[in-house]
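Novice: Below are the structure tokens for one structure; questions will follow.
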Amino acid sequence: MTSTSSAERAEADGYTPVADNLGAVLASGEPPTHPSAWSASVTFAWRAMLKIKHVPEQLFDVTAFPVIMTLMFTYLFGGALAGSPEEYLQYLLPGVLVMSVAMITMYTGVGLNADIQKGVFDRFRTLPIWRPSALVGAVIGDVCRYSLASVVIIVLGLVLGYRPGGGVLGVLVGIGLLLVFSFAFSWIWTLLGLVLRSERSVMGVSAMVLFPLSFLSNVFVDPRTMPEWLQGFVDVNPIAHLVAAVRGALSGQWDGSATLWMFVSAGIILAIFGPLTMRRYNRK
Amino acid sequence: MQGQSNRSPQCGSYPGTGHPGAGVAKGEAVTVSTAPAIETSGLVKVFGKTRAVDGIDLRVPEAAVYGILGPNGAGKTTFVRMLATLLRPDAGHGTVFGRDIVGDAALVRRQVSLTGQYASIDEDLTGTENLVLLGRLLGHGKSTAKRRSGELLEAFGLTDAADRQVKNYSGGMRRRIDIAASIISTPRLLFLDEPTTGLDPRSRNQVWDIVRIIVEQGTTVLLTTQYLDEADHLAGRIAVIDHGTVIAEGTPGELKSSVGAGSVHVRLRRGEERAQAERVLAAELGTQVHFDADPVALTARISGGESGRGAAEHASRALARLAQDGITVDDFSLGQPSLDEVFLALTDRKETRP
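Going line by line, the protein sequences match chains A and B.
Using the numbering used here, the first residue of the first sequence is number 1100, and each one after it goes up by one.
Using the numbering used here, the first residue of the second sequence is number 6, and each one after it goes up by one.
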């Protein structure tokens, strides 16, 4: 922690602008060619990584939160639903993996809402770069956070006795599917982050959407035990498709149709919320 | 494209050498009038029921400081944000170096840089990280961005603070890093939105010096300020804005002379005599008299020219009348009108008009 007193000391150094010095810097400020959309996005992702470096507390939600979710649901429901926590874990772990990461995606909106209130976004928006890159980069940075959360949950699962039938490859494919979906899913929250006024309201609305989506699904139990009308909802719930696809990959029993539906719903979400977010961002 | 300067960036580090070019006279380059840096006509921005900018026509010549002067909430920032392509105008149009701010927004962005009212810098990152980040976003490679960042930090006296988070910077340092970030690629037009608000006098002088050097290098600066002396010191031309419209435009000298030959400032011994003194001065000078914030002081403008008498003569007659009426004057001064008085006069005139 740098103290303010050192800032004051530096202030007292009595800086005097020197015309030659500044002039030379100005004279050599020939603008380079503009970066590609990809390069600008990656630079913004790097900014997200720098922020993690300076404010490591923000990793709390992708480390402690998944651990609590996994432990809580395994031991809360395990005995009642599957006879023992260990047996239940084989069914639950892919579900809780998806649920935790889906829940974490809402911090994308919360973070963006806080970030965009600050003056630095004004500067970004006056730069001659591909406009969506600031948001795409932020989401790419968040995908890195989602990977960390996934690794935390898988490792904890292995420690608790989870044994993925799909092996290392299955786990990697499962996490890959989850990250692809989460990237698309995050754009719902970027839009909310831009539309709503405060971090708190972003949080409230996100939770209201996420709780039904994740609980009314196949995360915890087989939907066949549910009443028919509820099964109807689960059938169209994109989170349920994602859980089935990830569960298939992890267990080694590939679920082709669920995977296809997962890609379709991710595509639809991105196609709707991506442009809406950008429209909002451009007008802000 | 680094070989353009015949001075290496390091050569300016000799401390205390005098540079004849440092004190460039303000307004020197105002006569250049080819393509205007900014031209707007009927620019309007409405927020709900507030007409924040209500039809501004302005022409800003290239390579000088142009001041936008007005109180808080006059519409200065909204005006600048439209020109910087951050806000879409609701009516009217504007160009920056001939490029439309709506239709050619991308081209406008290549020529401008903005330093906002609040630091346009990521406070969680260090000084170096901020400059490297922006350098990369402008298209520099990693090593060039790094080198450029080092040069800028050096030129702005921030080398010691390079690896500290900006949130730990003092107000003056924050301003400097903000301006440094605006000239990573030298802009043709730099927007400085209230660059000295909240700074102590020394930091303010540093910013003024920086602005003068930047203009000397050929960049046009659009400066908004609520400080009249700032506009007076830096700007070659000034537009005075109030309630979203331009109420006066011209050089500082023109604005002053449009108000009158000067003003007489009087300090009374007894505050309760102020109303009486006002009547006497108004009758004698035939102009409006203002009560100052100081409860025993008042200021009256002297309209020159009409009677052919000088300001001093007007003032001495007025003082004589005060003495005749038994009003004790502790102190008085006669001066060129300050921009403060100009501003008061202009806003008053507007309010009394139907």
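The beta-carbon is built from N, C-alpha and C at its ideal position, and this holds for glycine as well.
Roughly how many angstroms lie between the CA atoms of A:T1173 and A:R1222, to the nearest whole one?
Specialist: One C-alpha to the other measures close to 47 Å.
Novice: My output table needs one value for B:L269: the three-state DSSP class, helix, strand or coil.
Specialist: Checking the displayed sequence, the identity of residue 269 of chain B turns out to be Val instead of Leu. Note: B:V269 maps to strand in three-state DSSP.
Novice: So what's A:L1359 in DSSP terms, helix, strand or just coil?
Specialist: Helix, per DSSP.
Novice: Quick check: the Cα distance between A:R1146 and A:I1368, rounded to an integer number of angstroms?
Specialist: Roughly 26 Å between the two C-alpha positions.
Novice: Scan the segment 78-96 of chain B for residues whose Cβ lies nearer than 9 Å to a Cβ of chain A and list them as they occur along the chain.
Specialist: Within the segment 78-96 of chain B, the qualifying residues are R86, A89, T90, L91, L92 and R93.
Novice: Any idea if A:P1374 is buried or exposed, counting beta-carbon neighbours within 10 angstroms, 16 or more meaning buried?
Specialist: A:P1374 should be labelled exposed.
Novice: Taking 8 Å as the cut-off, decide whether the C-beta atoms of A:R1346 and A:V1294 are in contact.
Specialist: No. Outside cutoff.
Novice: Quick one: which residues of the segment 1221-1235 of chain A get their C-beta closer than 7 Å to a C-beta of chain B? List them in chain order.
Specialist: Cβ contacts with chain B come from D1221, R1222, R1224, T1225, L1226, P1227 and I1228.
Novice: Here's a check: name, in chain order, each residue in its chain whose Cβ is nearer than 8 Å to the Cβ of B:V285, leaving out the five neighbours to either side.
Specialist: So the list reads A323, R326, L327, D330 and I332, once near-sequence residues are dropped.
Novice: Under 8 Å, with one C-beta from each stretch per pair, do the segment 1173-1192 of chain A and the segment 154-168 of chain B reach the 3-pair mark?
Specialist: No, because fewer than three Cβ pairs between the segment 1173-1192 of chain A and the segment 154-168 of chain B fall closer than 8 Å, the two stretches do not touch.
Novice: Tell me which residue opens and which closes the alpha helix (DSSP H) that A:H1340 is part of.
Specialist: Start and end: P1337 to S1350.
Novice: Helix or strand or just coil, what does DSSP make of A:I1203?
Specialist: Of the three classes helix, strand and coil, the one that applies to A:I1203 here is helix, per DSSP.
Novice: Are A:G1208 and A:F1143 touching if we call contact CB-CB under 8 Å?
Specialist: Contact: no.
Novice: Determine the contact status of B:L143 and B:S154, defining contact as a CB-CB distance below 8 Å.
Specialist: Cβ distance not < 8 Å, so B:L143 and B:S154 don't count as in contact.
Novice: Residues of chain A with CB closer than 9 Å to the CB of B:T191, please, in chain order.
Specialist: Within chain A, the residues near B:T191 are V1124, L1125, A1126, S1127, G1128, E1129 and P1130.
Novice: Where do the ends of the beta strand (DSSP E) carrying B:F161 lie?
Specialist: Counting along the chain, B:F161 falls outside any beta strand (DSSP E), and DSSP gives it neither H nor E.
Novice: So B:Y71 packs on B:L227, CB below 8 Å; how close in whole Å?
Specialist: Confirmed, Cβ separation roughly 5 Å.
Novice: Listing by chain order, which chain A residues have their CB less than 8 Å from the CB of B:V117?
Specialist: Result: T1225.
Novice: Nearest by alpha-carbon distance to B:R179: which of B:L260, B:Y232, B:Y123 and B:I219 is it?
Specialist: Among B:L260, B:Y232, B:Y123 and B:I219, the Cα nearest to that of B:R179 belongs to B:Y123.
Novice: Based on the DSSP output, what are the partners of B:H238 in its beta bridges?
Specialist: Its beta-bridge partners do not exist; DSSP assigns none.
Novice: Assuming A:M1171 and A:S1199 form a contact by the criterion Cβ under 8 Å, report the distance between their Cβ atoms to the nearest whole angstrom.
Specialist: Between A:S1199 and A:M1171 the Cβ distance is about 11 Å, and since that is not below 8 Å, they are no contact.
Novice: Could you tell me the distance, in whole angstroms, from the CA atom of B:E128 to the CA atom of A:A1348?
Specialist: Taking the straight line joining both Cα atoms gives about 42 Å.
Novice: Using the Cβ count rule (16 or more neighbours within 10 Å means buried), how would you classify A:A1365?
Specialist: By the 10 Å Cβ count, A:A1365 comes out buried.
Novice: Please state the DSSP three-state secondary structure of B:L143.
Specialist: Looking at B:L143 - three-state DSSP - the assignment turns out to be coil, as it is neither helix nor strand.
Novice: Quick one: which chain B residues come within Cβ less than 9 Å of A:G1210?
Specialist: Here the premise fails: no neighbours, minimum Cβ distance about 12 Å.
Novice: Would you give the residue range spanned by the alpha helix (DSSP H) that B:H319 belongs to?
Specialist: Start and end: A316 to Q329.
Novice: Secondary structure at B:V35, three-state DSSP: helix, strand or coil?
Specialist: Low confidence applies to B:V35: its pLDDT is 39, below 50, so where it sits in the model is not reliable, and the reading given next is rough at best. Helix, per DSSP.
Novice: Where do the ends of the beta strand (DSSP E) carrying B:I61 lie?
Specialist: Taken as a continuous stretch (DSSP letters only), the beta strand (DSSP E) holding B:I61 covers T55 to V65.
Novice: For B:L349, which option in B:L339, B:F196, B:A298 and B:T83 has the closest C-alpha, if you only look at C-alpha atoms?
Specialist: For B:L349, the nearest C-alpha among the options comes from B:A298.
Novice: Just to confirm my understanding: we take B:R274, look at its own chain, exclude 5 residues before and 5 after, and list those with CB closer than 8 Å. What are they?
Specialist: Cβ neighbours of B:R274 beyond the five flanking positions: V301, T333, V334 and D335.
Novice: Can you pull the chain A neighbours of B:G331, defined as C-beta to C-beta under 8 Å?
Specialist: Within chain A, no residue comes near B:G331; the closest Cβ sits about 53 Å away, beyond 8 Å.
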